[in-house]
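Engineer: This structure is in structure tokens; I'll ask about it shortly.
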Amino acid sequence: MLNPYARAYKENPTPDEVARRVAAGVSPNYRGDYTLVRNRPANIPQHENCSVFITGLPPNITTHQLLAAIRDTGRVWASVVYPPTWEYGPSAAKVTFFTAEAAQTFLRRSNSAGQPGFIVGNRRARVCPDRNRVAAPRAPADHTRVLSIAGPKELVNTANLSALFSAAFVYETDDVIALVTGNVINVLEWHFGSYRCQAEWAWRRLRSDATFRQAGVRVKFERDPCDRSVPYPLTSTRNYYPP
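Each step along the sequence shown adds one to the number in the working numbering, with nothing skipped, and position 82 is 277.
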């Protein structure tokens, strides 16, 4: 997790820091830790690239709006929304899938003649291969950005889980869905914006926390609604999740 000072440094880099990012082969606007090997551009051919870059998005687009527009494509490894800038104009986003096949499917569907393209908020966005290429990540086939969490309602609720996650790592939430709201047990399905450093860290945090273990809290990965032929859940508790 980045402390406020480190986060401000990454989001407002000095000229020297920009030069270091460019030398490392990453965008000057990159907000992650480019010193990590897995965050650097991969030396791979374009057809193996799992990442796409999207421009022309609505100015106030949210992670939820972005990911809700991606269906029947593939599991999302990571997503980042960038606010409007002089370089890209309206908002932009980077989406990295678990497979290059999913990225190619998304590119083809968004750019083929006769197709409506990638529409978000009544805008047709422009989708292109990300110049910072990303190779297929190594992760178990059943791991996704979506977790179902079951346990005592005093522990398994949005307020308590939000506090737990925020103290451990930086994350974005796509949606929170109440599968069961009981007098004793709650079951929530938490859709993170990314698997990388978000769902994967939440899964580890919940499994390693002594209080949650002793209370019998269960956590498992669920299907990503962005994946192939997976319908989006009909019952959403997004209204009570704070923006």
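Note that beta-carbon positions come from the ideal geometry of N, C-alpha and C, so glycine has one too.
Because the structure is a prediction, the values reported are computed rather than measured.
The beta strand (DSSP E) spanning W385 covers which residue range?
Structural biologist: Start and end: 380 to 387.
Engineer: DSSP state of S307, grouped into three classes?
Structural biologist: Coil, per DSSP.
Engineer: So the alpha helix (DSSP H) A263 belongs to, where does it begin and stop?
Structural biologist: From DSSP, the alpha helix (DSSP H) with A263 extends over 258 to 263.
Engineer: With 16 as the cutoff for other CB atoms within 10 Å, does A297 come out buried or exposed?
Structural biologist: So A297 counts as buried.
Engineer: Using a Cβ-Cβ cutoff of less than 8 Å, which residues in the same chain neighbour I256 once the five nearest sequence positions on both sides are dropped?
Structural biologist: For I256, where only same-chain residues beyond five positions count, the Cβ hits under 8 Å are V276, S286, A288, V315, G316.
Engineer: Are the beta-carbon atoms belonging to E395 and S343 less than 7 Å from one another?
Structural biologist: No; because the gap between Cβ atoms is not below 7 Å, this pair is not in contact.
Engineer: Which residue or residues does DSSP assign as beta-bridge partners of C323?
Structural biologist: F248, per the DSSP bridge assignment.
Engineer: Report, in whole angstroms, the separation of the C-beta atoms of A410 and P347, which I expect to be a contact under 8 Å.
Structural biologist: A410 to P347, Cβ: 5 Å. Contact.
Engineer: What number of angstroms, rounded off, separates the C-alpha of S246 from the C-alpha of R318?
Structural biologist: Approximately 21 Å between the Cα atoms of the pair.
Engineer: Between R321 and T250, which are expected to be in contact by the criterion C-beta below 8 Å, what is the C-beta distance as a whole number of angstroms?
Structural biologist: With a Cβ gap of about 5 Å, R321 and T250 count as contacting.
Engineer: Contact check, Q393 vs R326 under 8 Å by CB: the rounded distance?
Structural biologist: Q393 to R326, Cβ: 24 Å. No contact.
Engineer: Here's the rule I'm using: 16 or more other beta-carbon atoms within 10 Å means buried, otherwise exposed. How should C421 be labelled?
Structural biologist: C421 is buried by the Cβ-count criterion.
Engineer: CA-CA distance, D267 and T294?
Structural biologist: So the two alpha carbons sit approximately 13 Å from each other.
Engineer: Closer than 7 Å by C-beta to D337: which residues in its own chain qualify, once you throw out the five before and the five after it? Chain order, please.
Structural biologist: Excluding residues within five positions, the ones whose Cβ falls inside 7 Å are F416.
Engineer: Between the C-alpha atoms of S403 and A263, what's the straight-line distance to the nearest angstrom?
Structural biologist: Approximately 31 Å between the Cα atoms of the pair.
Engineer: If you compare alpha carbons, which of R391, R413, A363 is closest to P335?
Structural biologist: Answer by Cα proximity: R391.
Engineer: Taking the C-alpha atoms as reference points, what is the distance between L356 and E367?
Structural biologist: When rounded, the distance between both Cα atoms is 13 Å.
Engineer: Just the Cα atoms here: how many angstroms apart are T376 and V351?
Structural biologist: About 10 Å.
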